[in-house]
Amino acid sequence: MEFKKMSWVLACVGFMFLGLCKANGNTHYYDFVLTELNFTRLCETKTILTVNGTLPGPTITVRKGDTAFVNVYNQGSYGVTLHWHGVKQPRNPWSDGPENVTQCPIQAGSNFTYEVIFSTEEGTLWWHAHSDWTRATVYGAIIILPALNTTYPFTTPDGEETLVLGSWYKGDVNEIIEIALATGGDPNVSDAFTINGEPGDLVNACSNATTYRWVVDYGKTYLLRLINAVLNEEMFFAIANHNLTVVAQDGAYLKPIITSYLMITPGQTMDILVVANQSPSSYYVASHAFVDGDVAFNNRTTSAILQYNGSTTPSTIPTPILPDFADGTAASNFTTQVRALASKDYPINVPLNITHTLFISVSVNERICPNSSCDGPDNNALAASLNNISFVTPSIDILQAYYGSIKGVYTANFPHRPYIFNFTGHVRNDTIYPHFGTKVRMIKYGEEVEIIYQGTNMIAAENHPMHLHGFSFYLVGTGSGNFDPNQAPKTYNLVDPPEVNTIGVPKNGWATVRFKADNPGVWFMHCHLERHASWGMATVLIVTNGNTTETSMLPAPAYMPPCK
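In case it helps, mature numbering (1 follows the signal peptide of the UniProt record, and there is no 0) puts the sequence shown at residues -23 to -1, 1 to 541.
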């Protein structure tokens, strides 16, 4: 849409004293207008919040190392924030976006300009709302092209396509989670998955005419950018009769993986080479859930159509064979192949001298309800925790409180280890009920950090996609059962671990990540299954300033959305 020049002048004034308004080709400007519109899916029409009237929303395209200013105009009816998932935002938590963690919401009728600073990322990331469950319809792709005078670590493809997996609910998503939190029960599952906003014709006849079509030319190679924006399910994905060559994940290159299917968790992105080398026709692109826990889930299959240019649609379109919903072996067979490219041109730097270790138990819990009046297990309410602390979102954002030394908003005592029990075995009642609070972990600038995520057998064991804002980390190891500090480190991959921002902690297993705390600020860490995050499976890491201006947080912008 046409830029509102006066707004951009005012936005730049807000950032001017930081020296961040540039007048060169490496700075990009976007206007995002949040509006409520009617959309029809599954034969029913509902009102949803959109950005610029589309689902998915607009794509942000930059080159490695660029900066984008995104002016968000909220013409909806409630407050919203946006997050730039996987963008490290060096020294700039002010524009990271999680509601009441780094900012308060952009209220209806107001606007706020985000400064999105790209650094080492290259490939595909995405942006989404970070308020309640609003990201169900407020999301879009971020494409980070190689820097000028550089290229991909593979032959430049003939074309590109972006496919975003999403969730569609017939009801109002924020009402659904509000009711669930009030009653203590599990929220309703989605009514369909979508590809680029469309459920596909495998769901029902109402979707026949609107199924998304990806048109290709025979013999050409395409770079498919795949994003999992689904709210509560990890997903299997495949294209009938076509191999997938996965070459990047979460904005970092991988050693190529040739596979007939993949598993992608909510929050993850993958770059995939697809060669159009089959008989010119139409082929289904399909995706359904991977759920290895005893939980309710959407068991429908979403689809798009890969259509060869000039071909006719056959009477029966070939459908890919996806692993069964609960096939943990299939999921593991894919994820254990993921390795960083780790080449001369794309080196990695795995921390080897760990100075700060966190051992974090990841659990679904219960909250005791008065008179056993709730709809969760044992007539209690469902909750979730990290290290048996269920995160309570404050009314004033933590970044403002930290920067302004405001007391009473959070406490800096998130434990470095949990209460020890048989995490993946029989769980006693004294471990089911968490403590509730806004507890953060302080980490000194420059420390080399190791986090061991330990899955637990509480209530409903399942895979947990854990996401850390402000960093990419190296996934150096995973395993089943309880983490063994004497044996597990011997299995670590310190040569070519993938550098990612979202990892799956295996059901009743563990995952270890490492990163250097070289990005000062306030950074949210949470499960990317929305129901778990809503129940409190989250915490905050605060990386303190270093000894120089260059190793310290940027000053606060002149304007931040006020807290109410």
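Cβ atoms here follow ideal geometry from the backbone N, Cα and C, with glycine treated the same way.
Values in this document were obtained by computation on a predicted structure and should not be read as measured data.
A residue is called buried when at least 16 other Cβ atoms come within 10 angstroms of its Cβ; Lys493 meets this threshold and is buried. Closest in alpha carbon position to Asn524, among Leu518, Asn496, Val369 and Ala535, is Asn496. Assigned with DSSP and collapsed to three states, Asn356 falls in helix. Bridge pairing for Phe213: Met240 and His265 [DSSP]. Uninterrupted alpha helix (DSSP H) stretches at least 4 residues long and entirely within the stretch 333 to 393 occur at 375 to 381, given in chain order. For Ala307, the closest alpha carbon among the candidates Asp248, Leu239 and Gly287 is that of Leu239.
In this structure, DSSP gives Glu439 a state outside helix and strand, which the three-state scheme calls coil.
A distance of 8 Å or more separates the beta carbons of Ala253 and Asp473. In this structure, DSSP gives Asn165 a state outside helix and strand, which the three-state scheme calls coil.
Beta-bridge analysis with DSSP links Asp248 to Arg202 and Ala225. Assignment of Val78 by DSSP, reduced to helix, strand and coil, places it in the coil class. Residue range Gly305 to Thr312 is occupied by the alpha helix (DSSP H) that includes Thr312. In this structure, Phe413 is the residue among Phe413, Gly63 and Asn399 with its C-alpha nearest to the C-alpha of Tyr387. The Cβ neighbour count for Asn173, taken over all protein chains shown within 10 Å, is at least 16; the residue is labelled buried. For Ala317, the beta-bridge partners assigned by DSSP are Leu231. Look at Asp271 here: in three-state DSSP terms it is coil, with no helix or strand label. For Asn151, the enclosing alpha helix (DSSP H) starts and ends at Val150 to Thr160. Going by C-alpha positions, Lys23 is about 6 Å away from Phe16. For Pro392 and Arg418, the gap between their C-alpha atoms comes out near 7 Å. A Cβ-Cβ contact shorter than 8 Å links Asn3 with Thr44. Contact check between the stretch 464 to 471 and the stretch 401 to 408: fewer than three CB pairs, one atom from each, fall below 8 Å, which does not count as touching.
Distances from the alpha-carbon of Ile420 to those of Pro176, Thr38 and Ile331 put Ile331 closest.
By a beta-carbon distance limit of 8 Å, Leu102 contacts Val64. Their separation comes to about 6 Å. Under the three-state reduction of DSSP, Trp512 is assigned to helix. Straight through space, the alpha carbons of Thr133 and Phe89 are spaced by roughly 37 Å. A straight line joining the alpha-carbon of Leu122 with that of Asp227 spans about 13 Å. In this structure, the CA atom of Thr111 is about 12 Å from the CA atom of His60. Within a 10 Å sphere around the beta-carbon of Ser350 sit fewer than 16 other beta-carbons, which makes this residue exposed. By the C-beta criterion, the stretch 240 to 249 is judged not to be in contact with the stretch 271 to 286, since fewer than 3 inter-stretch pairs fall below 8 Å. Lys41 carries a coil assignment under DSSP once its states are collapsed to helix, strand and coil.
Around the C-beta of Ile397, fewer than 16 other C-beta atoms lie within 10 Å, and the residue is accordingly described as exposed.
Looking at the DSSP output, Lys416 shares a beta bridge with Thr388. Boundaries of the beta strand (DSSP E) around Gln431: Glu425 to Gly432. Taking C-beta atoms under 8 Å as the contact rule, Ile25 and Asn51 fail to qualify, at a distance of about 15 Å. 8 Å or more divides the Cβ of Ala106 from the Cβ of Ser144.
In this structure, the straight-line span from the alpha carbon of Lys484 to that of Gly100 is close to 29 Å.
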